[in-house]
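Enquirer:
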């Protein structure tokens, strides 16, 4: 790391300083964020991930935002852990449509001993396809983190969700320290950390800034920082909270880019409810990663075609696969768009209404 980089990557952010940054005129804040973004990343490339729910529903946690919690009646159909081959088939489809990372999520408080062998086989299989691997399985101990690392897991997602002060109003079945302990186990095992939070759960501005301070002041900042906009689901305790102001959300994206300049900032859940213009602003503010596909675990996400068309209109390309040229990447993007358009022209004549 150069002297300049050491100056940029800080772990001593204080609240008053962060608030002053946040309250800058909007154009000034975005200019600063874009300056950092161009310093560490190609401003016209976005990393694309696909997320699959490998075990859905009946989670013992009481996270108030989550339709998978067994504490709430959201009408979600419960599903057992998927078979390994079914997961690998989904991973192949994701790779074919341009994803570079395949993320697998299970609605657990923590993985059980009987399920771990299957989870490890999933990691090995997805890795063998040439994709980056990511999992979110709840809390991990040191032994489980080491096993995942040995299987080839690249990233582990475990969000802090919000500030320490607001956390108890959202979750009571695991502590903030539990989350920090899992992240420490993941980091010690040599796995990259994916950790962010959710905006729009009824928290105040102080809590939003507090979340970013927690993330940025870690001994090593997360390599990936997903910023989610709450997706309100009927039946959860947060189904009627006020909507997030779009400009406020973009300010959070910009602040994340400034405070964690070498991290991928992921525009995550909630994109289905964002206009093209809002997403474009988020990319300008420093977001450079998305979940790509029709579903995020159990909530809607823009279809691949919409994402590809948006990328094309903005002059953005997916971050290329290792060993793949820019020309090949552009050709793959165009082929995917054309294939999606062709499929829309046909219907299955064997299906009757």
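In the UniProt record's numbering, the protein residues as written are 1 to 353. Built from N, CA and C at the ideal position, the CB exists for glycine as well. The structure displayed is predicted, hence computed values, not measured ones.
1) Identify whether residue 46 lies in helix, strand or coil by the three-state DSSP scheme.
2) Hey, residue 103 and residue 157: beta-carbon distance below 8 Å or not?
3) Across the stretch 119 to 133 and the stretch 144 to 162, are there enough close Cβ pairs to call them in contact, namely three or more that are closer than 8 Å?
4) Could you name each continuous beta strand (DSSP E) segment of 3 residues or more that falls completely within the stretch 242 to 268, going from the start of the chain to the end?
5) Just mark residue 347 as buried or exposed, buried being the case when its beta carbon has 16 or more other beta carbons within 10 Å.
6) Ordered along the chain, which non-local residues of its own chain (more than five positions away) have a Cβ less than 8 Å from that of residue 20?
7) Measuring alpha carbon to alpha carbon, tell me which residue in 174, 123, 51 is nearest residue 62.
8) If residue 201 and residue 13 are in contact, beta carbons under 8 Å, what's the gap, nearest whole angstrom?
9) Going by the DSSP bridge assignment, what does residue 106 pair with across the sheet?
10) When DSSP labels each residue in this structure, what does residue 291 get in the three-state scheme?
11) Strictly by DSSP, which residues pair up with residue 157?
12) Ignore the nearest five residues each way along the sequence and tell me which others in residue 39's own chain have a CB closer than 8 Å to its CB.
13) Please determine, among 65, 16, 112, the residue with the shortest C-alpha to C-alpha distance to residue 55.
14) Report the option in 34, 164, 292 whose CA atom is closest to the CA atom of residue 212.
15) Expressed to the nearest angstrom, what Euclidean distance is found between the alpha-carbon atoms of residue 90 and residue 169?
16) Are the stretch 251 to 258 and the stretch 28 to 42 in contact at 8 Å, needing three or more beta carbon pairs?
17) For residue 87, which three-state DSSP category applies?
Expert: Reading it off the structure:
1) If DSSP states are grouped into helix, strand and coil, residue 46 belongs with the strands.
2) Yes.
3) Short answer: they touch.
4) The stretch 242 to 268 contains these whole beta strand (DSSP E) runs: 264 to 267.
5) A caution first: residue 347 carries a pLDDT of 35, below 50, which makes its placement in the model unreliable, though a value can still be read off. Counting the other Cβ atoms within 10 Å of the Cβ of residue 347 gives fewer than 16, which makes it exposed.
6) Cβ-Cβ distances below 8 Å link residue 20 to nothing in the same chain once the five nearest sequence neighbours on each side are left out.
7) Checking every option, the nearest Cα to that of residue 62 belongs to 174.
8) With 8 Å as the limit, residue 201 and residue 13 do not qualify as a contact, their Cβ atoms being about 22 Å apart.
9) 55.
10) DSSP places residue 291 in strand when its eight states are reduced to three.
11) The partner list for residue 157 (beta bridge, DSSP) reads 194.
12) Setting aside the 5 residues that flank it on each side, residue 39 is surrounded in the same chain by 8, 261, each with a C-beta closer than 8 Å to its C-beta; the list follows chain order.
13) Put simply, of 65, 16, 112 the residue whose alpha carbon is nearest the alpha carbon of residue 55 is 112.
14) Comparing Cα positions, the closest option is 164.
15) Approximately 36 Å, taken between the alpha carbons.
16) Yes: the two stretches touch, three or more of their Cβ pairs being nearer than 8 Å.
17) Note: residue 87 maps to helix in three-state DSSP.
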